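For the sequence shown, the numbering used here begins at -11 and goes up steadily by one. Following: one structure in structure tokens, then a few remarks.
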Amino acid sequence: MVTTKLQKNLYRILTSSKGRWEMKYKIFIIEPRTPFHIGIKEGNLEKSLHYVPSDTLFSAFCNVYRLVYGRDELENLLEKFLRDNPPFILSSAFPCVDGKPLFPMPKSTNQKKLKILDEEQKILKRIEFVDETIFRKILTGEDIEIKRENIIQDRVISTITGKDQIWIEVDRPRVTIDRKASSSEIFYFGETVFLDSLHFLIDVRDKNIENRVETVFRVLGDEGIGGDRSCGRGLFSVVKLDEIEFNEVETEWYVTLSMIYPREGEIEHLKGGYFELVERGGWVYSPEEKQKRKKFVRMIKEGSVFKGKVIGKMVEIARIKYPIYRYGFGLTLPIRVES
-11 MVTTKLQKNL YRILTSSKGR WEMKYKIFII EPRTPFHIGI KEGNLEKSLH YVPSDTLFSA
49 FCNVYRLVYG RDELENLLEK FLRDNPPFIL SSAFPCVDGK PLFPMPKSTN QKKLKILDEE
109 QKILKRIEFV DETIFRKILT GEDIEIKREN IIQDRVISTI TGKDQIWIEV DRPRVTIDRK
169 ASSSEIFYFG ETVFLDSLHF LIDVRDKNIE NRVETVFRVL GDEGIGGDRS CGRGLFSVVK
229 LDEIEFNEVE TEWYVTLSMI YPREGEIEHL KGGYFELVER GGWVYSPEEK QKRKKFVRMI
289 KEGSVFKGKV IGKMVEIARI KYPIYRYGFG LTLPIRVES
């Protein structure tokens, strides 16, 4: 019997329906109301990231979830994550250009597939983000040609031209006072002023929690994300809630849109991959404790590409009256990679 192309496609759709369902996500568009301070490294207050990592976003979410629904409800929620049955998976929050989302530049992208026509190719090493149009082409392995006018701040590739900046880095002078010595010292506090909106994706796996997730993120806008929230930093408004869908790509490779803390058995997937590890630390923020240092852990950075799906997990980073966890699950998308 001859199997038609239509039958083959129908079979693939039926046998991979679960995978296709996972390719559809909620997308939150948020509009910053004040500057953000997202620390790069503990002790370095002068620098701030140009996006919000997923572990920072999840930590802020949990603080507000407890505020709105109580500690017991938060513990019930976290228990699902600890049992590897997360009701939702978060991406990091990335900037937008004219309201259109940017995504992390996949680290597998090379000069053969992405060519800059009137610029030295080495500038690709500095690119942090690409817009949705370019990102989708990278996922499917298409050849891409861009011009210098498509590059913004030497960090972003966008099909939207005429933009000079997406964010501004600001150094705010601060004064620290030594009361014992009756002396003062000036230091600088780095902030990121986003000139456009930010966005993040959520893979909601438990529909029963969907309304709560939306409520918490709306309240979070008034509580703030990142450092210096007591001074009104990191405030935002949820301006749009929509859906975004990515086509399936037949491949063994995946790119992450989150910071990931891999499980032991997933380390093998990094061999031969294109990835960057970053060290994450910081201080505990809790009603019970604010001066407890978090344990340093190494995590896989957004845009990393690996062969085989890396799910990730929660990792304990401190203990006060109860354990403190860092979010390490990965929201990943399939990507074609040239061998």
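C-beta atoms are modelled at their ideal positions from N, C-alpha and C, and glycine is treated no differently. Just so we're clear, the structure is a prediction, and the values are computed from it rather than from any experiment.
Cβ-based neighbour list, residue i, same chain, cut-off 7 Å, excluding 5 preceding and 5 following
{"i": "residue 133", "result": "103, 105"}
{"i": "residue 46", "result": "78, 315"}
{"i": "residue 237", "result": "127, 128, 322, 323, 324"}
{"i": "residue 39", "result": "80, 81, 82, 83"}
Beta-carbon spacing of residue i, residue j below 8 Å
{"i": "residue 76", "j": "residue 204", "result": "no"}
{"i": "residue 144", "j": "residue 90", "result": "yes"}
{"i": "residue 297", "j": "residue 317", "result": "no"}
{"i": "residue 264", "j": "residue 289", "result": "yes"}
{"i": "residue 335", "j": "residue 22", "result": "The requested residue 335 is not part of the displayed model; the chain covers only -11 to 327."}
{"i": "residue 210", "j": "residue 223", "result": "yes"}
{"i": "residue 185", "j": "residue 19", "result": "yes"}
{"i": "residue 146", "j": "residue 85", "result": "yes"}
{"i": "residue 231", "j": "residue 53", "result": "no"}
{"i": "residue 214", "j": "residue 24", "result": "yes"}
{"i": "residue 284", "j": "residue 304", "result": "no"}
{"i": "residue 93", "j": "residue 233", "result": "no"}
{"i": "residue 292", "j": "residue 244", "result": "yes"}
{"i": "residue 208", "j": "residue 69", "result": "no"}
{"i": "residue 151", "j": "residue 140", "result": "yes"}
Cutoff 8 Å: residue i Cβ touching any chain C Cβ
{"i": "residue 182", "result": "Chain labels in this structure do not include chain C; a single protein chain is all it has."}
DSSP beta-bridge partners of residue i
{"i": "residue 84", "result": "89"}
{"i": "residue 191", "result": "77"}
{"i": "residue 312", "result": "306"}
{"i": "residue 178", "result": "159"}
{"i": "residue 354", "result": "One cannot answer for residue 354 here, as it falls past the ends of the chain, which runs -11 to 327."}
Neighbourhood of residue i by C-beta distance below 6 Å, restricted to the same chain and skipping five residues each side
{"i": "residue 26", "result": "36, 37, 40, 214"}
{"i": "residue 44", "result": "none"}
{"i": "residue 341", "result": "Not covered by the structure: residue 341. The range shown for the chain is -11 to 327."}
{"i": "residue 194", "result": "75"}
Nonlocal neighbours in the same chain, by C-beta distance under 8 Å from residue i, ignoring five residues either side
{"i": "residue 121", "result": "147"}
Inter-stretch contact (C-beta, 8 Å, three-pair minimum) for the stretch 111 to 119 and the stretch 246 to 256: no
Every unbroken beta strand (DSSP E) within the stretch 11 to 60, with a cutoff of 3 residues, ordered by chain: 12 to 20, 27 to 29, 32 to 36
Contained beta strand (DSSP E) runs [length at least 3] in the stretch 219 to 275, N- to C-terminal order: 224 to 233, 241 to 244, 265 to 268
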